[in-house]
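Colleague: According to our numbering, the residues represented by the first sequence are 141 to 358, in order.
For each residue, glycine too, the CB sits at the ideal point set by N, CA and C.
Quick caveat, the model's predicted, so the values are computed rather than measured.
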Amino acid sequence: MDLDRLLGLLRDTYDVQDWWPSESPFEVMVGAILTQQTTWENVAKVLDRLRSEGLLDVERMASADLPMLESTIRPAGFYKQKAKRVKGLATYLRVRYTSDPMLMLNGPTESVRRELLSLDGIGKETADSILVFGAQREKFVAAAYSARILRRTGVFCSENYDEIQSFVESNLKCGPKGFHDLYALIVQLSKDTCRPVPACARCSLGPECKFFTEQRRR
DNA sequence: ACCCAGGTGGCCC
DNA sequence: GGGCCACATGGG
């Protein structure tokens, strides 16, 4: 199994259209923070609540009442952290990019990525999700699901984020949207308990691999 | 009564 | 650099 074949199989089975629905890049940023360690169903509920309160807006979010924000975010879990981080993000965008907060997503991908990573609550996975789904950049999100599927399909075996990301980014030949689609499809496959993971093979590391003895899943 | 979810940051060694 | 831990609600 190689990357392009995996992507092809997944595209035959799942649809990437509107996998990450949003009305603005800022909504993607907020959603990316809210969805950390949380199901999208709960995040969608919170996004709706934020929207109805007019808070999916940099200016309004930045000046939102924190306790109020916390109670709105509660169903998404880790609500105190997330409220502080989302408000912190909005505040940063407002002061750093006064004319247009979304200018932050302009410029070279790697420099936007570094700036995202400097913010509280935005790590590699969240930064890459924002780049891919909020700013249409070519980046692969090397999340836990990605590591798991690539390992079980025998494509690549590693738990290291940077290693997995650079492997995919330098080996997937498929054109534009390849990284975007691959990640979206991997998550759908992971959550779809009714369908088996595509045929599994041990990775090329052989007995050196710490997962070598893992049994194949159905 | 467990376990997991579209992670991150802090602290320790 | 890795290994633990807190953060928290909701659903199986």
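Is TYR219 closer than 8 Å to GLN328 when the C-beta atoms are compared?
Modeller: no
Colleague: Using the three-state DSSP reduction, which class does PRO336 fall into: helix, strand or coil?
Modeller: With a pLDDT of 49 at PRO336, under the threshold of 50, the modelled position of this residue cannot be trusted; read the value that follows with caution. Three-state DSSP puts PRO336 in coil, outside helix and strand.
Colleague: Can you tell me which of VAL183, LEU290, ARG151, VAL198 puts its alpha carbon nearest to the alpha carbon of SER164?
Modeller: VAL198
Colleague: Runs of 3 residues minimum, wholly inside the segment 260–298: which ones carry the beta strand (DSSP E) assignment?
Modeller: none
Colleague: Sort ASP332, ILE213, ILE173 by Cα distance to GLY263 and report the nearest one.
Modeller: ILE173
Colleague: Between the segment 284–304 and the segment 269–276, do at least 3 Cβ pairs fall closer than 8 Å?
Modeller: no
Colleague: Quick check: the Cα distance between PHE319 and PRO215, rounded to an integer number of angstroms?
Modeller: 30 Å
Colleague: Go to PRO165, then tell me how far its alpha helix (DSSP H) extends in each direction, as first and last residue.
Modeller: 165–174
Colleague: Verify whether the separation of the beta carbon atoms of VAL295 and LEU143 is less than 8 Å.
Modeller: yes
Colleague: How big is the Cα-Cα spacing for GLU303 and PHE280?
Modeller: 11 Å
Colleague: Verify whether the separation of the beta carbon atoms of ALA324 and TRP159 is less than 8 Å.
Modeller: yes
Colleague: What span of residues does the alpha helix (DSSP H) with ASP188 cover, start to end?
Modeller: 180–192
Colleague: Which of helix, strand or coil does DSSP assign to LYS317?
Modeller: coil
Colleague: Determine the DSSP secondary structure at VAL156, reduced to helix, strand or coil.
Modeller: coil
Colleague: Give me, in chain order, the residues of the same chain whose beta-carbon lies closer than 7 Å to that of LEU245; leave out the 5 immediate sequence neighbours on both sides.
Modeller: Cβ within range, chain order: PRO165, VAL252, GLY274, ALA275.
Colleague: Roughly how many angstroms separate the alpha carbons of GLN221 and PRO316, rounded to a whole number?
Modeller: 35 Å
Colleague: I need the straight-line Cα distance from THR249 to GLU309, nearest angstrom please.
Modeller: 14 Å
Colleague: With a threshold of 16 other CB atoms inside 10 Å of the CB of LEU187, please say whether the residue is buried or exposed.
Modeller: buried
Colleague: I'd like to check one pair, THR266 with GLN176: are the Cβ atoms closer than 8 Å?
Modeller: Yes; because the gap between Cβ atoms is below 8 Å, this pair is in contact.
Colleague: Can you give the Cα-Cα distance for MET169 and ASN182, rounded to whole angstroms?
Modeller: The alpha-carbon separation between MET169 and ASN182 amounts to approximately 16 Å.
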